[in-house]
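For the record, in the sequence shown the residue sitting at position 223 is 223 according to the UniProt record's numbering, with numbers rising by one throughout. Note that the Cβ used here is the ideal one computed from N, Cα and C, for glycine as well. All values reported here derive from a predicted model rather than from experimental measurement. Accompanying notes for the structure given below.
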Amino acid sequence: MFDYEDNRPLILKNVSFSLRGGQKVGIIGRTGSGKSSTVQAILQMINIKGGRILIDNVDLATLAGSVVREQIITLTQDPFLFPSSIRSNIDPLGTYNDEDISVALEKVKLWDILCNKVGGNNPDTKDVLDTCIDAGFLSHGQRQLFCLARAILKPGKVLILDEPTSSVDAKTDAQMQGVIRNEFGGHTIIMIAHRLSSLLDFDHILMLDQGSLVETGHPTELLDDPSSRFAKMYYGSTGK
Ligand SMILES: Nc1ncnc2c1ncn2[C@@H]1O[C@H](COP(=O)(O)OP(=O)(O)OP(=O)(O)O)[C@@H](O)[C@H]1O
Ligand SMILES: [Mg+2]
1 MFDYEDNRPL ILKNVSFSLR GGQKVGIIGR TGSGKSSTVQ AILQMINIKG GRILIDNVDL
61 ATLAGSVVRE QIITLTQDPF LFPSSIRSNI DPLGTYNDED ISVALEKVKL WDILCNKVGG
121 NNPDTKDVLD TCIDAGFLSH GQRQLFCLAR AILKPGKVLI LDEPTSSVDA KTDAQMQGVI
181 RNEFGGHTII MIAHRLSSLL DFDHILMLDQ GSLVETGHPT ELLDDPSSRF AKMYYGSTGK
């Protein structure tokens, strides 16, 4: 389907699946199996040699990559904040009002933390949002929550997450999983997860191996099938 350089073996091949709007799908597989490459292909970030990716019957190859990426909400392992105000980090295009932004930050339980850090007694919302932050202002987990608040604000019906909780603590992971379910219940979600347990309430699992789709199914049905690779991986990781 695609390779990173000409004349190299294809990284993804035989990856074919379709999702209904609103479905929640988990992509799993060992390191190097092609999980990130699959979502990068959807986001038109890599060179696709064959095959098609359609959303709402539109072939994504017919659109500019930047247009595709504007429409799809993404969250990766690397929470990116730049040295500027809280407002311009969460709302770079200046689209939202202070109330929308503070509500999104409340939903990820960061608003009070930000108010405390800015200081003062009951600081003004505008003053909090205009505070400049640098790389060390928030911890890694807090930065990831910040990016989740940014995702909540973004329009679009498709959310793609590439191991968003891989380097946050278990408490932040649980909090993020709760927010994802509450705030994106009607969205189509494609999530690469390193904790398989976070996919058990999803609708569908896609397992990749060496760039190929090798198993698909409903997570609890796969767990009930002793020959399933997902079940082996899950019980291997939980020690059950
Ligand atoms: N920029 C790149 N240039 C060349 N090869 C790459 C590049 N990125 C990934 N690959 C290769 O593509 C294959 C699939 O990598 P990919 O990152 O999609 O795997 P993954 O399943 O996301 O792994 P992980 O669990 O480690 O994140 C690997 O063999 C990897 O070495
Ligand atoms: Mg990856």
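- Contact between I180 and I160 is absent: CB atoms are separated by about 12 Å, not below the 8 Å threshold.
- Collapsing the DSSP output to three states places K117 in a helix.
- In summary, V158 is buried, with 16 or more beta-carbon neighbours lying within 10 Å of its beta-carbon over all protein chains present.
- Bridge pairing for H204: V25 [DSSP].
- Contact between the region 65 to 75 and the region 116 to 123 is absent: fewer than 3 CB-CB pairs across the two stretches fall below 8 Å.
- Take the alpha-carbon of T220 and the one of T125: they are about 45 Å apart.
- Apart from sequence neighbours up to five positions away, the residues of its chain that approach V168 with a beta-carbon distance below 8 Å are H140, G141, Q144, M176, ordered along the chain.
- With distances taken between CA atoms, I152 lies nearest to G186 out of I133, G186, L129, K171.
- Contact between P79 and F146 holds: their C-beta atoms lie close to 7 Å from each other, under 8 Å.
- Here K171 is exposed: its Cβ has fewer than 16 other Cβ atoms, across all protein chains shown, within 10 Å.
- D209 is bridged by DSSP to S212.
- Here S167 is not bridged, per DSSP, to any residue.
- With contacts defined as CB atoms closer than 8 Å, I192 and D162 qualify as a contacting pair.
- Contact between the region 34 to 46 and the region 226 to 235 is absent: fewer than 3 CB-CB pairs across the two stretches fall below 8 Å.
- About 4 Å separates the beta carbon of S33 from that of L208, a gap short enough to meet the 8 Å contact definition.
- DSSP lists L54 as the bridge partner or partners of D59.
- Judged by the Cβ position, S167 fails to qualify as a neighbour of ligand 1 at the 7 Å threshold, every heavy atom of the ligand being at least this far.
- Under the three-state reduction of DSSP, S85 is assigned to strand.
- Taking C-beta atoms as the reference points, S102 and C132 fail to come closer than 8 Å.
- With distances taken between CA atoms, R20 lies nearest to D56 out of D127, V67, F230, D56.
- Take the alpha-carbon of A149 and the one of D127: they are about 19 Å apart.
- At a threshold of 7 Å, S36 counts as near ligand 2, since its beta carbon sits closer than that to one of the ligand's heavy atoms.
- Counting only residues of its own chain and dropping the five nearest sequence neighbours on each side, L105 has a CB closer than 6 Å to the CB of W111, A149.
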